[in-house]
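For reference, the structure is listed below as structure tokens.
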Amino acid sequence: MADGTLLFHLSDIHFGNEDRAALAWVEREIAARQPDAMIITGDLTMRARRREFAAAQEWIGGLDIPVTIEPGNHDIPSYILPERYLAPLARFRTFKAQAEGSVEIPGLALVPLNSNVAAQPRMNWSKGWVSDAELAGCLARIDALPAGTRALVCVHHPLRETGTQGTALTRNGAKALAELAQRGVLGVLSGHVHDAFDIMEETPHGPVRMIGAGTLSQRLRTTPPSFNELHWDGETLAVRVRSMGDSVDGAALRV
Ligand SMILES: [Fe+2]
Ligand SMILES: [Fe+2]
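Using this note's numbering, read the sequence shown as starting at 1 and increasing by one per residue.
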């Protein structure tokens, strides 16, 4: 590959309802493109079942590249289990500790932001919610970065609606985006809506880039299975949406 760092940004594999042909395609692309690391922005599983996390771990463990993983709303146990309310991310965190590798990128820091909550005062609990505590933790990590290191925030739910068929309706998302814009983050990576996007959002503190990866599950919305290639040259982040069946030369490059 060219100079710089190549990252694969995947999302919403939904083990339990994954697309095995799509995953085989990603494996071939990893062999061909040799990315430096992979980022997965949540919804690893369908129902947060232990066997689904085990399948995710088996697949990720066979890739032989560093992987960083964020939780999605599907990675929290069922509404009927006390575990959901007492320790919603316990299964995910156990899996993450076993599956995640150390990802170090020159000049770039991957900063997590959890947008999932166990319960919400609205009908649909699958939607995003950035709590004050989660946002404060994310901002503190960004503020502690060495001078010159850019932040790439990794979160499951898009922080604002981006025109996709699926919605995130993330509470406190606009507030989070404004805070991230004020800190000059390089971008906010997300998933959840199962279609890719790459847009600039205006906030009271200036623009911030939002990048979404599609799905590698059978739960398609409007586009085929896809993932994003992110190329970082130390100054610019180039995003290429890779759709199953495309070729690298023919893939759209969105900068
Ligand atoms: Fe999803
Ligand atoms: Fe989701």
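Where is the CB? At the ideal position from N, CA and C, for every residue including glycine. Only a predicted model underlies this, so the values are computations on that prediction, with no experimental measurement involved.
When you measure from the CB of residue i to every non-hydrogen atom of ligand 1, does any distance come out below 7 Å?
i	result
Asp45	Reading the sequence as shown, one finds Thr at residue 45 and not Asp. Not under cutoff, so the answer is no.
His205	no
Thr215	yes
Gly157	According to the sequence shown, residue 157 is His rather than Gly. Every heavy atom of ligand 1 is 7 Å or more from the Cβ of His157, so no.
Arg12	Checking the sequence, you will find Asp at residue 12 rather than Arg. Flag set: Cβ of Asp12 near ligand 1.
Please state the DSSP three-state secondary structure of residue i.
i	result
Trp264	Nothing can be reported for residue 264, as the shown portion of the chain is limited to 1 through 255.
Thr68	strand
Glu29	helix
Pro35	coil
Phe8	strand
Arg122	coil
Ala109	strand
Thr94	helix
Ile40	strand
Arg171	strand
Val255	Its pLDDT being 38, under 50, Val255 is placed unreliably in this model, and the value from its coordinates should be taken loosely. Note: Val255 maps to coil in three-state DSSP.
Gly250	Legend: pLDDT at Gly250 = 49, less than 50; position of this residue unreliable, value from coordinates given subsequently. Here Gly250 sits in coil by DSSP.
Ala181	helix
Pro88	coil
Glu278	For the chain, the structure presents residues 1 to 255; residue 278 sits outside this window and is missing.
Ala55	helix
Ala24	helix
Can you say whether residue i is buried or exposed, counting buried as having 16 or more other CB atoms within 10 angstroms of its CB?
i	result
Ser102	exposed
Arg221	exposed
Glu134	buried
Gly115	The question names Gly, yet the displayed sequence has Ser at residue 115. Buried, because 16 or more other Cβ atoms sit within 10 Å of the Cβ of Ser115.
Leu44	buried
Ala24	exposed
Ala21	exposed
Gly187	buried
Asp12	buried
Ala48	buried
Ala144	exposed
Leu86	exposed
Met38	buried
Gly214	buried
Asp198	buried
Arg93	exposed
Val208	buried
Asn73	buried
Pro88	buried
Under 7 Å from any heavy atom of ligand 2, does the C-beta of residue i make it?
i	result
Asn124	no
Gly62	no
Gly42	yes
His192	yes
Just list the residues that DSSP pairs residue i with in beta bridges.
i	result
Ile76	Paired residues: none, contrary to the question.
Ile199	Met210
Gly187	Leu152
Ala238	His231
Phe15	Thr45
Ser131	Beta-bridge pairing links Ser131 to no other residue.
Leu217	For the sequence presented, residue 217 should be read as Ser rather than Leu. Answer is Glu18.
Ser102	Its beta-bridge partners do not exist; DSSP assigns none.
Gly243	Gly is not the amino acid found at residue 243; the sequence shown has Ser there. Ser226, per the DSSP bridge assignment.
Kindly examine ligand 3 and report whether one of its heavy atoms sits closer than 7 Å to the Cβ of residue i.
i	result
Gly72	Ligand 3 is not among the ligands present in this structure, which contains only ligand 1 and ligand 2.
Taking three-plus beta-carbon pairs below 8 Å as touching, is the stretch 218-237 in contact with the stretch 75-90? no
Do the stretch 163-180 and the stretch 131-146 make contact, defined as three or more Cβ pairs closer than 8 Å? yes
So, does the stretch 92-106 touch the stretch 181-196, judging by three or more C-beta pairs under 8 Å? no
Taking one C-beta from the stretch 192-200 and one from the stretch 58-68 each time, how about it: are there three or more such pairs within less than 8 Å? Because the criterion of three Cβ pairs below 8 Å is not met, the stretch 192-200 and the stretch 58-68 do not touch.
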